[in-house]
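The block underneath contains the structure these notes are about, expressed in structure tokens.
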Amino acid sequence: MGKIFAVILGFILIGIGWLAFTACGLVIPGLGSGIAWCEAPEFPPDPRLEALKDRERALNGDVAVLERRLSLTPDCPEPEPEPVTPPPDPEPAPPPQTPQPDTPQPDAPRPDTPSPQAPAEPEQARLKTPTEECPIIPSSEVMLVLDVSPSMNWAYEMPPSLMQRYLRLESKAQALSSNPIAGLLGGMGLQREIQQLALDMDRVGGPKRIELAKDALVNLVDSSEQDITFRYVTFSPCGPPRDRGSYGPGERPGLKRKIQGSNLEGDTALAQAIAALPGLSGATDPSEPVNVVLLSDGEDSCRGDPCAAASQVEQQAPGINIHVVALSRGIESLKCISANTKGQYFDVGDASALTESLRQASGQNLPAACR
Numbered sequence: 005m006g007k008i009f010a011v012i013l014g015f016i017l018i019g020i021g022w023l024a025f026t027a028c029g030l031v032i033p034g035l036g037s038g039i040a041w042c043e044a045p046e047f048p049p050d051p052r053l054e055a056l057k058d059r060e061r062a063l064n065g066d067v068a069v070l071e072r073r074l075s076l077t078p079d080c081p082e083p084e085p086e087p088v089t090p091p092p093d094p095e096p097a098p099p100p101q102t103p104q105p106d107t108p109q110p111d112a113p114r115p116d117t118p119s120p121q122a123p124a125e126p127e128q129a130r131l132k133t134p135t136e137e138c139p140i141i142p143s144s145e146v147m148l149v150l151d152v153s154p155s156m157n158w159a160y161e162m163p164p165s166l167m168q169r170y171l172r173l174e175s176k177a178q179a180l181s182s183n184p185i186a187g188l189l190g191g192m193g194l195q196r197e198i199q200q201l202a203l204d205m206d207r208v209g210g211p212k213r214i215e216l217a218k219d220a221l222v223n224l225v226d227s228s229e230q231d232i233t234f235r236y237v238t239f240s241p242c243g244p245p246r247d248r249g250s251y252g253p254g255e256r257p258g259l260k261r262k263i264q265g266s267n268l269e270g271d272t273a274l275a276q277a278i279a280a281l282p283g284l285s286g287a288t289d290p291s292e293p294v295n296v297v298l299l300s301d302g303e304d305s306c307r308g309d310p311c312a313a314a315s316q317v318e319q320q321a322p323g324i325n326i327h328v329v330a331l332s333r334g335i336e337s338l339k340c341i342s343a344n345t346k347g348q349y350f351d352v353g354d355a356s357a358l359t360e361s362l363r364q365a366s367g368q369n370l371p372a373a374c375r
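Numbering (our numbering), first residue to last: 5 to 375.
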């Protein structure tokens, strides 16, 4: 009898356990608590929260599009306040005339007899073309063309050997980029070598080239004659240069702010910057003298030919004279730019002489016979 009771009790306990398992929990009688082993139910996502997330992603995309458009918008020179002209002073009243006694007056000269005049001195004709005695001549318009490539952030005293090695590696990297198979095999090692060389070049101490160029250009603007109009142009990315505007004598504070605010960008589109000069000049006569002061520290990296571009400028606008001011040593290959446009090449060995070189290149501080 006891065994039958035990079997019945066992079946009862098995049933209770099965019921507790299917109910995802077990309630212990007398304790008022239980054990649950089923996972918590998953609730469906809130459609309102998903809609807000989609709206946020759409707004972020619109902001990115607007930022790209803003970066492509050309800079315009800031307007300068117009000078206020004071009213003219009133003319003084003429003094009262005192009656004079009657005296005989000499006979007036006959109208058909002109009075003798001293011969006028002949006015010296202004030079319009550089000569051997005057290789640089003045011009009413001076174009300042500044290289803002990343290498302008290197030290002014960078050894030429490091520069030449870097240029060779960059040229080799461009050649590999046109051959996918060769680039896959040797590109990674070449990039590591270029990066290590760039780190070594960054360790060279001394003032940066871009800072010296900015300070020298600002000093040039401050010390220039008042009848000169400046046009400021920067170049770096592969493509046309950026025209930063034309500035008359009363707009020079805005020009100095524009120079100091110039930022560095990628590549060196030197040939494209030279080719665009005739379209940027304000001279209506192609033979009108225009001095271009070109500041650069390296060669073209956009597969352009600066020498050929300079020859094209000479044909289109023979009055444009490009004077190259080298901001690094060992770039004598740029001499063809000045040679092809009747300009001069300035190899500035000392940073303290940079401002004086810019003044000469802009057609100032010249001998009296060349003004």
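Heads up, the beta-carbon is just placed ideally off N, CA and C, and yes, glycines get one too.
- A Cβ-Cβ contact shorter than 8 Å links residue 228 with residue 366.
- Residue 301 counts as buried, since no fewer than 16 other beta carbons sit within 10 angstroms of its beta carbon.
- For the stretch 231 to 263, the full-length beta strand (DSSP E) segments reaching 3 residues or more read 233 to 239 and 246 to 251 along the chain.
- Cβ-Cβ distances below 7 Å link residue 364 to 140 in the same chain, with the five nearest sequence neighbours on each side left out; the list follows chain order.
- Residue 268 sits away from residue 198, with the two beta carbons spaced by 8 Å or more.
- A direct Cα-Cα distance of roughly 27 Å separates residue 223 from residue 271.
- Going by beta carbons, residue 240 and residue 273 fall inside the 8 Å limit.
- The alpha carbon of residue 297 has as its nearest neighbour, out of 146, 166 and 355, the alpha carbon of 146.
- Assigned with DSSP and collapsed to three states, residue 140 falls in coil, not helix or strand.
- In the three-state reduction of the DSSP assignment, residue 346 falls in the coil class, being assigned neither a helical nor a strand state.
- If the five residues before and after residue 369 are omitted, its C-beta is found closer than 7 Å to the C-beta atoms of 363, all from its own chain and listed in chain order.
- Contact between residue 317 and residue 275 fails: their C-beta atoms lie close to 11 Å from each other, not under 8 Å.
- A distance below 6 Å between beta-carbons, with the five flanking residues on each side excluded, links residue 245 to the following residues of its chain, in chain order: 237, 239, 277 and 280.
- Here residue 145 carries a strand assignment [DSSP, helix/strand/coil].
- Every alpha helix (DSSP H) of 4 residues or more that sits fully in the stretch 156 to 230 is shown, in chain order, as 164 to 181, 184 to 206 and 213 to 227.
- By the neighbour-count criterion, in which a residue is buried when 16 or more other Cβ atoms sit within 10 angstroms of its Cβ, residue 218 is buried.
- Here residue 177 has 194 as same chain residues with Cβ atoms under 6 Å from its own Cβ, once five neighbours each way along the sequence are excluded.
- The C-beta of residue 345 has 16 or more other C-beta atoms within 10 Å across all chains shown, which makes the residue buried.
- With contacts defined by Cβ atoms closer than 8 Å, residue 321 and residue 340 do not form a contacting pair.
- Pairing residue 330 with residue 255, the inter-Cα distance amounts to about 28 Å.
- Counting only runs that start and end inside the stretch 282 to 349, the alpha helix (DSSP H) elements of at least 4 residues fall at 310 to 320 and 339 to 343.
- Shown here for residue 162: same chain residues with a beta carbon closer than 7 Å to its own, the five before and five after excluded, namely 205, 208 and 332 in chain order.
- Per DSSP, reduced to three states, the secondary structure at residue 362 is helical.
- If you compare the alpha carbons of 170, 182, 210 and 157 with that of residue 196, the shortest gap goes to 170.
- Residue pairing by DSSP places residue 151 opposite 239 in a beta bridge.
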